[in-house]
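Be aware that the sequence shown starts at 7, since it is given in the working numbering, and climbs by one per residue.
To start, the structure under review is shown below, and the notes come after it.
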Amino acid sequence: MRKFLILGLIFLVSLGLRFWNLGQFNTLVFDEVYYAKFANNYLTRTPVFNSHPPLTEYLIALGMWLYSSFQASPDITNDLTGSWGSTISYRWLNALTGSFFPLILGAIAYQLTHRRSQAIIITLLAAMEGLFLVESRYALNNIYLVTFGLLGHLFFLLFVNQSKYIYLTLSGIFSGASATIKWNGLGFLLGIYLLIFLVYISQHFRSLFELNNLGIFAKIKLVKPYLLLFNFLIVPIVTYAILWIPYLLLNTEYSLWVLHQKIWSFHQNIGSSFDVHPYCSKWYSWLVMARPIAYFYETKNTLSGTTIYDVHAMGNPILWWLATGSIIILSFSLDYY
Numbered sequence: 007m008r009k010f011l012i013l014g015l016i017f018l019v020s021l022g023l024r025f026w027n028l029g030q031f032n033t034l035v036f037d038e039v040y041y042a043k044f045a046n047n048y049l050t051r052t053p054v055f056n057s058h059p060p061l062t063e064y065l066i067a068l069g070m071w072l073y074s075s076f077q078a079s080p081d082i083t084n085d086l087t088g089s090w091g092s093t094i095s096y097r098w099l100n101a102l103t104g105s106f107f108p109l110i111l112g113a114i115a116y117q118l119t120h121r122r123s124q125a126i127i128i129t130l131l132a133a134m135e136g137l138f139l140v141e142s143r144y145a146l147n148n149i150y151l152v153t154f155g156l157l158g159h160l161f162f163l164l165f166v167n168q169s170k171y172i173y174l175t176l177s178g179i180f181s182g183a184s185a186t187i188k189w190n191g192l193g194f195l196l197g198i199y200l201l202i203f204l205v206y207i208s209q210h211f212r213s214l215f216e217l218n219n220l221g222i223f224a225k226i227k228l229v230k231p232y233l234l235l236f237n238f239l240i241v242p243i244v245t246y247a248i249l250w251i252p253y254l255l256l257n258t259e260y261s262l263w264v265l266h267q268k269i270w271s272f273h274q275n276i277g278s279s280f281d282v283h284p285y286c287s288k289w290y291s292w293l294v295m296a297r298p299i300a301y302f303y304e305t306k307n308t309l310s311g312t313t314i315y316d317v318h319a320m321g322n323p324i325l326w327w328l329a330t331g332s333i334i335i336l337s338f339s340l341d342y343y
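Next up, the structure:
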């Protein structure tokens, strides 16, 4: 009982951090200029083209629609999305989703270790993670990408521990949902593929990889291959296709195949140089946060002087640096579990 009280307290802290002063700033921050506007297009039935799959806009639009019946302070309302509404309307569902992010990580830690103390520590550290705190407070897509991807892994681990096949299907569904946020959500599914692959080849390369004890993942070898194929190939594909239907009903000009060609072409041609993105950083620098992302910067002159408002998406240095080192070490220790 005490463990649940601690987790509940951490969740309340997580909620408070994400909902406190959520209406600040009364403008579109960073990529809200895309996601919040595109979400409003669904509410106004206005065709739109986005360079990513549409699930993020569905969720933000749902939040805007649910919040529309509440009266908001004029200080936090604008028409920058194309319709008058509160800044909270397009941010609150992200904040709520992000509040559950630490609990999901804690649950994954428990499924891996079966130690409640470690699960609590992971939950607490995740609640204080700066990058995802910022992502949770604005109408952006990464908090959904990671949440759905981690849920896919959580249900996979639940299957491994409890052998209930419904968990395999749920894992496939959430993995498909993650890819419907952004294509790089497929990375979570790739992680599951890699784990299954290592388990299946363990008998043939036991001496090479030192996989002397597969631990909880030994159960994977007992699953019929066709079930793995169905739940981690067919289910994600079907989920991905179904989630495109609202978009296709709104945007009838192109087929699903042509849309994917256009999205691919967009990303191939956008470029990534400093001329295109003045504050861009190399991918390998992200692991150590060599150049944290600037989301918002504004100065205001007052009678008392100049006030600077600045939002950077910066992770907790202790977590990121130690995690980077752990990834490197564990990459050479395949017998960890």
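Where is the CB? At the ideal position from N, CA and C, for every residue including glycine.
No experiment lies behind these values; they were computed from the predicted model shown.
Buried or exposed by the 16-neighbour rule on C-beta atoms within 10 Å, applied to residue i
| i | result |
| --- | --- |
| Q274 | exposed |
| V264 | exposed |
| T308 | exposed |
| T1 | Coverage of the chain is limited to positions 7 through 343, which leaves residue 1 absent and any answer about it impossible. |
| F338 | exposed |
| P59 | buried |
| K43 | buried |
| S310 | exposed |
| I66 | buried |
| G191 | buried |
N- and C-terminal bounds of the alpha helix (DSSP H) containing residue i
| i | result |
| --- | --- |
| I128 | 122–133 |
| V241 | 241–248 |
| N100 | 98–119 |
| E141 | 136–142 |
| Y232 | 231–235 |
| F194 | 192–207 |
First through last residue of the beta strand (DSSP E) which encompasses residue i
| i | result |
| --- | --- |
| K306 | 299–308 |
| T312 | 311–319 |
C-alpha gap between residue i and residue j, whole angstroms
| i | j | result |
| --- | --- | --- |
| L118 | L163 | 7 Å |
| A112 | I127 | Correcting the residue identity first, residue 112 is Gly in this sequence and not Ala. The alpha-carbon atoms of G112 and I127 are separated by roughly 8 Å. |
| S74 | A224 | 50 Å |
| V19 | L109 | 12 Å |
| T122 | R8 | It is Arg, not Thr, that sits at residue 122 in the sequence shown. Answer to the nearest angstrom: the Cα atoms are 11 Å apart. |
| W98 | L228 | 43 Å |
| L217 | L23 | Reliability fails at L217, whose pLDDT of 48 lies under 50, so the model's placement of it is uncertain and the value that follows must be treated cautiously. When rounded, the distance between both Cα atoms is 42 Å. |
| Y285 | I226 | 44 Å |
| L34 | L156 | 28 Å |
| G29 | Y290 | 33 Å |
| S271 | S57 | 9 Å |
| I16 | L262 | 42 Å |
| G158 | S92 | 32 Å |
| T312 | N32 | 19 Å |
| E63 | Y41 | 6 Å |
| L68 | G331 | 39 Å |
| S72 | N100 | Here the sequence assigns Leu to residue 72, which means Ser is not the residue at that position. If you take the alpha carbons of L72 and N100, they lie about 13 Å apart. |
| Y206 | F25 | 45 Å |
| Y303 | L176 | 40 Å |
| I12 | I172 | 29 Å |
| W326 | L130 | 15 Å |
| F138 | F107 | 9 Å |
| P323 | A133 | 14 Å |
| R51 | F236 | 35 Å |
| G136 | W90 | 30 Å |
| A115 | G178 | 20 Å |
| L102 | T83 | 20 Å |
| V39 | Y232 | 44 Å |
Under the three-state DSSP convention, the category residue i falls into
| i | result |
| --- | --- |
| V166 | helix |
| G91 | strand |
| D37 | coil |
| T330 | helix |
| T186 | coil |
| H58 | coil |
| G29 | coil |
| A296 | coil |
| N147 | coil |
| T258 | coil |
| T345 | The question about residue 345 has no answer, for the chain in this structure spans 7 to 343. |
| P53 | coil |
| K227 | helix |
| I276 | coil |
| L217 | Because the pLDDT of L217 is 48, which lies under 50, any placement of that residue in the model is unreliable, and the question is left without a value. |
| K288 | coil |
| N46 | helix |
| F10 | helix |
| F17 | helix |
| S345 | As displayed, the chain neither begins before 7 nor continues past 343, which places residue 345 out of reach and without an answer. |
| F76 | coil |
| F338 | coil |
CB contact below 8 Å: residue i versus chain C
| i | result |
| --- | --- |
| V166 | Protein chains in the displayed structure number just one, and chain C is not present. |
Contact test: residue i Cβ vs the ligand FMN heavy atom, cutoff 7 Å
| i | result |
| --- | --- |
| N322 | Among the ligands in the structure shown, none appear at all, so the ligand FMN cannot be discussed. |
Query raised in the report: Between the segment 239–246 and the segment 185–196, do at least 3 Cβ pairs fall closer than 8 Å?
Result: Contact between the segment 239–246 and the segment 185–196 is present, with at least three C-beta pairs closer than 8 Å.
Query raised in the report: Should the segment 163–173 be regarded as contacting the segment 32–51, the criterion being three or more beta carbon pairs within less than 8 Å?
Result: Contact between the segment 163–173 and the segment 32–51 is absent: fewer than 3 CB-CB pairs across the two stretches fall below 8 Å.
**Report entry** Stretch-stretch touch, CB-based, cutoff 8 Å, three pairs: the segment 191–204 with the segment 248–259
**Finding:** no
Query raised in the report: Quick one: any contact between the segment 316–332 and the segment 289–305, if contact means 3 or more CB pairs under 8 Å?
Result: yes
Query raised in the report: If you pair each beta-carbon of the segment 137–152 with each one of the segment 201–208, do three or more pairs fall below 8 Å?
Result: no
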